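There are 2 protein chains.
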Amino acid sequence: MRILHTADWHLGRLFHGTHLTNDQSHLLDQFIDLLADQKPDVIVLSGDVYDRAYPPVEAVELLDETLARIAIDHNIPMLIIAGNHDNPSRLEFGSRLMTDRGIYLFGRLTSCDTPIVLQDADGPVTFYLAPYCEPAEVRAHLQDDAAVCFDSAMRSLVGRHQVNGRSVLLSHSFVHGGSVSDSERPLSIGGADTVSADHFLPFSYVALGHLHQPQSFNGGRVRYSGSLMKYSFNEAAQRKSVSIVEIDAAGEIQTEEFQLTPRRDMRVIRGTLEELLQRPDDYGPRDDYLMATLLDEGAVYDAMGRLRDVYPNLMHLERAAQLEGDGEIRRASDIVGKSDLDLFNDFMQAMTSSEMTPEQTEVFVEVAEEIRREEREGTS
Amino acid sequence: MRILHTADWHLGRLFHGTHLTNDQSHLLDQFIDLLADQKPDVIVLSGDVYDRAYPPVEAVELLDETLARIAIDHNIPMLIIAGNHDNPSRLEFGSRLMTDRGIYLFGRLTSCDTPIVLQDADGPVTFYLAPYCEPAEVRAHLQDDAAVCFDSAMRSLVGRHQVNGRSVLLSHSFVHGGSVSDSERPLSIGGADTVSADHFLPFSYVALGHLHQPQSFNGGRVRYSGSLMKYSFNEAAQRKSVSIVEIDAAGEIQTEEFQLTPRRDMRVIRGTLEELLQRPDDYGPRDDYLMATLLDEGAVYDAMGRLRDVYPNLMHLERAAQLEGDGEIRRASDIVGKSDLDLFNDFMQAMTSSEMTPEQTEVFVEVAEEIRREEREGTS
Chain U
0 MRILHTADWH LGRLFHGTHL TNDQSHLLDQ FIDLLADQKP DVIVLSGDVY
50 DRAYPPVEAV ELLDETLARI AIDHNIPMLI IAGNHDNPSR LEFGSRLMTD
100 RGIYLFGRLT SCDTPIVLQD ADGPVTFYLA PYCEPAEVRA HLQDDAAVCF
150 DSAMRSLVGR HQVNGRSVLL SHSFVHGGSV SDSERPLSIG GADTVSADHF
200 LPFSYVALGH LHQPQSFNGG RVRYSGSLMK YSFNEAAQRK SVSIVEIDAA
250 GEIQTEEFQL TPRRDMRVIR GTLEELLQRP DDYGPRDDYL MATLLDEGAV
300 YDAMGRLRDV YPNLMHLERA AQLEGDGEIR RASDIVGKSD LDLFNDFMQA
350 MTSSEMTPEQ TEVFVEVAEE IRREEREGTS
Chain Z
0 MRILHTADWH LGRLFHGTHL TNDQSHLLDQ FIDLLADQKP DVIVLSGDVY
50 DRAYPPVEAV ELLDETLARI AIDHNIPMLI IAGNHDNPSR LEFGSRLMTD
100 RGIYLFGRLT SCDTPIVLQD ADGPVTFYLA PYCEPAEVRA HLQDDAAVCF
150 DSAMRSLVGR HQVNGRSVLL SHSFVHGGSV SDSERPLSIG GADTVSADHF
200 LPFSYVALGH LHQPQSFNGG RVRYSGSLMK YSFNEAAQRK SVSIVEIDAA
250 GEIQTEEFQL TPRRDMRVIR GTLEELLQRP DDYGPRDDYL MATLLDEGAV
300 YDAMGRLRDV YPNLMHLERA AQLEGDGEIR RASDIVGKSD LDLFNDFMQA
350 MTSSEMTPEQ TEVFVEVAEE IRREEREGTS
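Top to bottom, those sequences are chains U and Z. Heads up: the first sequence is residues 0 to 379, going by numbering that gives the first Met the number 0. Heads up: the second sequence is residues 0 to 379, going by numbering that gives the first Met the number 0.
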């Protein structure tokens with residue numbers, strides 16, 4: 000069975016205030032072309048279909064159009080699970096009315112008790128569904144008090160099934176040891192949010208979503224396909240792709256990656272203002288989404304405005320070294336990759352000259368968790 | 000052909016801060032029961048499925064569940080058009096994937112060029128679709144400059160079809176001379192928003208939505224089924240229903256109304272505070288949604304709090320006559336039924352002692368129109 004694995008489309012995403020719908024549409028056109036070329040038997044999309052609980056109209060239209068092309072024009076079944084950016088109930092709307100057409104949408108854990116079985120010439124392949132959900136939801140639905148964190152919740156979710164024969168798990172989770180990018184929203188603030196790859200041993204293949212960089216574990220049997228496109232500048236060097244996974248009669252797998260070509264690449268350029276202005280041809284296509292790191296030491300005047308005349312999609316500008324008031328050198332790398340908790344702690348330290356107390360940390364985590372939940376439920 | 004006509008469900012509506020989902024769900028259960036009893040060949044829902052562009056999760060779940068019961072459990076086709084409260088693109092999501100199951104969702108005008116033809120023993124019945132849309136959209140889509148107002152837009156929309164044989168039009172519009180309720184959102188601020196019933200002469204039956212009171216025109220061939228339930232206290236005396244319309248082989252119609260029983264009725268009670276507190280049994284079921292008109296002349300203390308001990312769902316309280324600062328008697332009836340423009344004009348007059356100038360009126364209409372559009376597009 001040939002499985003086309005993709006994840007983290009994030010339709011409706013804003014990037015530095017710019018809607019990426021045209022970029023996403025451009026990539027999904029190629030995705031559709033790939034179907035004709037590669038003739039997969041099934042498509043799996045492992046969560047974060049949309050970027051937010053209330054996606055903009057353009058994102059809804061793009062998904063609607065894409066699903067229609069997949070199901071009606073190409074007649075290929077597709078399994079979709081919700082990620083932490085999707086609202087589970089909204090994503091599931093109409094799902095029971097679309098299964099005849101081969102589109103399977105799984106948002107709520109309560110919809111995922113029964114796996115989906117697809118057949119090929121070698122017999123059945125069973126697809127298990129694990130959309131993103133909080134440990135508390137797993138605890139409530141399975142009535143299993145052991146599901147206290149993401150890791151134990153995954154053990155409970157997987158453990159309830161007798162996994163035999165050729166099997167695939169779709170999961171939107173953070174595997175321990177995985178490489179993060181800047182564009183993933185943390186699953187938990189200040190708590191453990193990873194799961195062990197050991198839980199995934201029973202499956203022929205585990206199609207993961209959440210981490211935006213393509214990467215694999217357990218000898219390739221556990222895999223993040225990576226996001227549809229780059230969603231932050233620290234992904235500039237990544238090569239985004241979708242994966243075709245071939246499962247043979249014995250349940251052995253072979254994987255091939257297919258790169259889609261973005262409408263505009265996302266890149267970082269470095270140089271002095273003069274270099275960037277005078278020799279733009281040295282820096283690749285001018286209308287890519289760019290971040291410029293300026294190497295100038297002294298003052299520069301209206302760098303953004305002048306650079307944008309040359310690079311119309313320059314999104315962000317930073318100085319390699321920026322002198323702070325107290326003379327301390329502060330670099331962007333001091334911020335990138337830090338958790339919200341760490342950043343807030345830094346801020347508190349700068350303001351009060353002392354570390355946050357455990358009580359303060361607890362209050363911060365509580366408030367941040369609440370905001371995170373509200374974002375997903377779309378109540379804010 | 001037996002057509003079950005309903006409209007204006009307004010799923011997700013808030014009533015004085017209270018979610019009506021349980022009430023709507025209670026009525027839709029009866030609606031489903033009616034399908035088994037009356038065995039309609041098709042259901043038509045003439046707009047305002049949801050109450051707003053971004054409906055709450057509970058409303059999405061209720062519609063999802065209801066459509067699944069209609070299509071899967073009862074296997075009855077259903078045609079749905081968008082009303083002025085629905086977002087056209089969001090409502091249409093997945094529509095092409097649901098038609099195999101007999102669910103037809105029409106939001107955007109561009110999706111409505113081709114009518115739907117259903118068959119019964121007497122031959123075909125053609126269903127034309129006219130979801131709510133602004134005259135400007137009609138002008139753009141039909142490239143017809145004559146569509147300058149709602150009335151001329153309807154003439155253009157209907158005029159493009161050669162209507163022959165048995166035919167039904169679904170439309171969400173305001174027929175000239177129709178009786179309004181307090182719970183409809185105006186289609187236009189300060190402009191003409193009605194359409195002539197004459198445009199509807201070519202059809203065997205016109206299934207309308209928008210006005211919440213059941214009512215008919217053209218000898219019953221043009222009909223508002225009315226809303227699913229009462230959505231304002233000025234509808235207290237209305238009898239809400241859904242209609243079964245039987246079209247015979249010759250295109251003649253017979254209509255029967257079916258009343259659904261609300262979980263809680265919406266009623267107005269009148270009396271002095273003492274009467275209402277002492278003799279609640281005289282005023283019907285205590286847990287209905289109630290508005291109380293107090294007949295007391297003098298001061299009363301904490302009327303709302305005391306009445307709520309007896310009538311837990313008392314939503315609103317008013318005094319029959321309320322003395323204003325200047326001694327002028329001001330009644331609620333001075334406000335009810337007035338347009339936003341009239342109310343604002345009253346306010347300006349009270350503040351400035353002069354009528355609004357034409358320029359001021361224009362500014363008000365412009366701003367109010369913008370707010371109205373944003374509400375529908377869900378951008379605010």
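All C-beta atoms, glycine included, are put in the ideal place defined by N, C-alpha and C. Small disclaimer: the values here were computed from a predicted structure and weren't measured.
Bounding residues of the alpha helix (DSSP H) (the contiguous stretch that carries residue i)
i	result
Asp339 of chain U	339 to 351
Thr360 of chain U	357 to 376
Arg154 of chain U	149 to 158
Ala302 of chain Z	302 to 309
Below-8 Å beta-carbon distance, residue i vs any chain Z residue
i	result
Ser240 of chain U	no
Arg371 of chain U	no
Asp121 of chain U	no
Leu10 of chain U	no
Assigned secondary structure, residue i (DSSP; H/G/I helix, E/B strand, else coil)
i	result
Thr271 of chain U	coil
Glu241 of chain U	According to the sequence displayed, residue 241 of chain U carries Val and not Glu. Looking at Val241 of chain U - three-state DSSP - the assignment turns out to be strand.
Tyr204 of chain U	strand
Leu44 of chain U	strand
Ile188 of chain U	coil
Ser110 of chain Z	helix
Val59 of chain Z	helix
Glu234 of chain Z	helix
Leu313 of chain Z	strand
Tyr49 of chain U	strand
Glu327 of chain U	Reliability of the predicted coordinates at Glu327 of chain U is poor, the pLDDT of 48 falling under 50, and no value is obtained from them.
Interface partners of residue i on chain U, CB under 8 Å
i	result
Ala67 of chain Z	Arg95, Leu96
Val56 of chain Z	Asn86, Ser88, Arg89, Glu376, Gly377
Within-8 Å CB hit, residue i to chain U
i	result
Asp63 of chain Z	yes
Leu322 of chain Z	In this prediction, Leu322 of chain Z scores a pLDDT of 43, lower than 50, which makes its location untrustworthy; the coordinate-derived value is nonetheless stated afterwards. No - not a single Cβ of chain U is within 8 Å of the one on Leu322 of chain Z.
Ile75 of chain Z	no
N-terminal and C-terminal residue of the beta strand (DSSP E) that residue i is part of
i	result
Ala196 of chain U	Note, Ala196 of chain U: premise wrong, no beta strand (DSSP E); not H, not E.
Ile252 of chain U	252 to 257
Gln214 of chain Z	214 to 216
Ala291 of chain U	288 to 293
Leu168 of chain Z	166 to 171
Tyr223 of chain Z	221 to 223
Chain Z contact residues for residue i, given Cβ-Cβ distances below 9 Å
i	result
Ser110 of chain U	Here the premise fails: no neighbours, minimum Cβ distance about 11 Å.
Ile71 of chain U	Arg95, Leu96
Chain U contact residues for residue i, given Cβ-Cβ distances below 9 Å
i	result
Ala81 of chain Z	Near Ala81 of chain Z there are no residues of chain U at all, since even the closest Cβ is about 13 Å away, more than 9 Å.
Beta-carbon neighbours of residue i, restricted to chain Z and to distances below 7 Å
i	result
Val59 of chain U	Ser88, Arg89, Phe92
Interface residues of chain U facing residue i [CB-CB closer than 7 Å]
i	result
Arg100 of chain Z	Leu96, Asp99
Val244 of chain Z	Chain U residues near Val244 of chain Z: none, gap ~25 Å exceeds 7 Å.
- What runs of the alpha helix (DSSP H), each 4 residues or longer, lie entirely inside the segment 113 to 142 of chain U? 134 to 141
- Which residue spans inside the segment 62 to 107 of chain Z form an unbroken beta strand (DSSP E) run of at least 3? 77 to 80, 102 to 105
- Return the chain-ordered ranges of every beta strand (DSSP E) run that is complete within the segment 0 to 25 of chain Z and spans a minimum of 3 residues. 1 to 5
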